[in-house]
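Data first, discussion second: the structure below is written as structure tokens.
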Amino acid sequence: MNYAKIARNTTILLLIVQALSSGANSVMATVTTIIGAQLSGSDALSGVPGAVIQIGSAIASVLLGLTMDRLGRRSSLAAGIGLGAIGSLVAAISITTGSFLWFLMGLTIVGFTRSASLMGRFVAAEVTPPAQRGRAISYVILGGAFGSVLGPHLVNPTGRLAITADLPEFVGPFGAGVVAFLVSGIIIHLFMRPEPRDIGKEIAEMYPESLSHSGPTRTVTQILRTPTALVAVTSMVFGQLVMISLMGITTLYMRAHDHSMMHISNVFSAHTFGMFALSMVTGQLLDRWGRGPVILSGAAMLFGSSVLAPVWTGAIPIGIALFLLGLGWNFTYLGGSALLSDLLTPEERAKTQGANELLISVITAFASFASGLVYAGGGYGMAGILSATAAIIPFSLTAWWMLRMKTVTVT
């Protein structure tokens, strides 16, 4: 069996799906907080839509953790992503009826897609030899660059298309979501063969020395208690927390300073470019430098962007700060993903990765909800302070872990 070809084809397939799904998520995310404020009638509730997406993602993480070993990666991912088409349709209809409740219900279903598409990075890692895992993960995340940079620029054309059809302007972005998620689910169902779960087990047997654990299968709790898993999960969770906390309310901040939707879209494109476009570089750094230095660098960028973003009101400097925010997320997220993949045996992967995604979704839901309250009560500056404080946690923990590993190696 040509394992190199299987790994390459699986990774390319997941890259394409990531591009489509991230594009859909991005075009919707650009207007979600605005719609939330309009339908609810309160800026303080503008973060609720983002929060319910994370709640849906959390639910999906649990279900995927249970089904990916039983039903396989292909069926689970196809179903999870395909559900996003239904959620997008419900959200689009709710905009026409002015129902905030139904809008939130639709976004909850959209959250299933987010979890499924992001789990694809672990699927690429498990069918790839250990020495190339960082790059495999980075290629999948790179797919998000194409969709996420393009996505915000689809707000205006899809909005005009909706107006032409006598529909509210913001129905357009959600209509694009229906198409992108439906196509993504079909692509996975038809073309993700052979089953990655089975290939992953064969790869593990070919590289037994790469497994950090050779005893009985550990529980999720036992795995998360190890220092390495703690660093991996913390880097992903807090990287996501910092990014969501600041990114989500930037739209409201810019609207308050009379920026056009074109300026807002450009800033979001800069942010998503930082999140995804340099992923190949990140993957190379992960496999050359190691996981720790990349995570450490990412946490430093998250801190710096959180401090700098509230200082400015111009579109260009905000765009620079949001680019750094995205790049910091990229480093911590890919670094943590690679580190967690290194740690797990084939039998431990689905449940542990599902638990990891659950933690990310829960903490991000909290950040999305709280960001609106923080902005309404303390402004963009307070949001920056809190985000910078959160970025210190993965930086400090990773530095401690690196020193600990160095001490153990020397000893």
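When you line the sequence shown up against this note's numbering, it's residues 2 to 412, in that order.
In this text, a Cβ means the ideal position worked out from N, Cα and C, and glycines have one as well.
#1: Do Val49 and Gly373 have their beta-carbon atoms positioned less than 8 Å apart in this structure?
#2: Report all residues from its chain with a CB closer than 7 Å to the CB of Gly380; omit the five preceding and five following residues, and keep chain order.
#3: Would you call the CB atoms of Leu15 and Gly144 closer than 8 Å?
#4: Kindly indicate which three-state DSSP category Gly99 falls into: helix, strand or coil?
#5: Rank Pro195, Thr34, Glu358, Met403 by C-alpha distance to the C-alpha of Ala117 and give the top, closest one.
#6: Taking the alpha-carbon of Ala80 as reference, which of Ile96, Met120, Ser95 has the nearest alpha-carbon?
#7: Could you tell me if Ile17 is buried or exposed, where buried requires 16 or more neighbouring beta carbons within 10 angstroms of its beta carbon?
#8: Starting from the C-beta of Gly336, find all residues in its chain whose C-beta is less than 7 Å away, skip the five residues before and the five after it, and write them out in chain order.
#9: Hey, Pro395 and Gly240: beta-carbon distance below 8 Å or not?
#10: Closest to Ile96 by C-alpha separation, out of Val172, Leu108, Ile60, would be which residue?
#11: Output the distance between the C-alpha atoms of Ala38 and Gly51, rounded to the nearest integer angstrom.
#12: Using beta-carbon positions only, say whether Leu155 and Val28 come within less than 8 Å of one another.
#13: Report the rounded CA-to-CA distance for Leu398 versus Leu325, giving the unit in angstroms.
#14: In the structure shown, what three-state DSSP assignment does Pro195 receive?
#15: Does DSSP put Val411 in a helix, a strand or coil?
#16: Thinking Pro197 and Thr11 are a contact (beta carbons under 8 Å), I'd like their distance in whole angstroms, please.
#17: Closer than 6 Å by C-beta to Ala59: which residues in its own chain qualify, once you throw out the five before and the five after it? Chain order, please.
#18: If I measure Cβ to Cβ from Ala132 and keep anything under 8 Å in the same chain, skipping five residues before and after, which residues do I get?
#19: Ala230 and Leu65 - do their beta-carbons sit closer together than 8 Å?
#20: Distance check for Tyr376 and Ser246, CA to CA, integer angstroms please.
#21: Leu344: which of Ile188, Gly148, Pro228 sits nearest, CA to CA?
#22: Taking 8 Å as the CB-CB cut-off, is Thr365 touching chain C?
#23: Run through DSSP, which three-state label would Asp259 get?
#24: With distance defined between alpha-carbon atoms, name the residue in Arg75, Gly249, Ala316 nearest to His258.
#25: By a C-beta neighbour count over all protein chains shown, 10 Å radius and 16 as the cutoff for buried, is Ser62 buried or exposed?
#26: State the Cα-Cα distance for the pair Ala322 and Leu309, rounded to the nearest angstrom.
#27: Given a cut-off of 8 Å on the beta-carbon distance, is the pair Leu225 and Ala391 in contact?
Once the coordinates are examined:
#1: yes
#2: none
#3: yes
#4: coil
#5: Glu358
#6: Of the residues Ile96, Met120, Ser95, the one whose Cα lies closest to the Cα of Ala80 is Met120.
#7: Burial check for Ile17: the Cβ neighbour count within 10 Å reaches 16 or more, so the residue is buried.
#8: Ser236, Leu287, Arg292, Val295, Ile296, Gly299
#9: yes
#10: Val172
#11: 12 Å
#12: yes
#13: Near 21 Å, if we compare the C-alpha coordinates of Leu325 and Leu398.
#14: coil
#15: At Val411, the pLDDT of 46 sits below 50, so the modelled position is not reliable and the matter cannot be decided from this model.
#16: 6 Å
#17: Residues Leu359, Ser362, Val363 of the same chain have their beta carbon placed closer than 6 Å to that of Ala59, with the five preceding and five following residues left out of the count.
#18: Asp288
#19: For the pair Leu65 and Ala230, the CB atoms are not nearer than the 8 Å cut-off.
#20: 10 Å
#21: Pro228
#22: Reference to chain C is not applicable here, since this structure consists of a single protein chain.
#23: coil
#24: Ala316
#25: buried
#26: 6 Å
#27: Contact: no.
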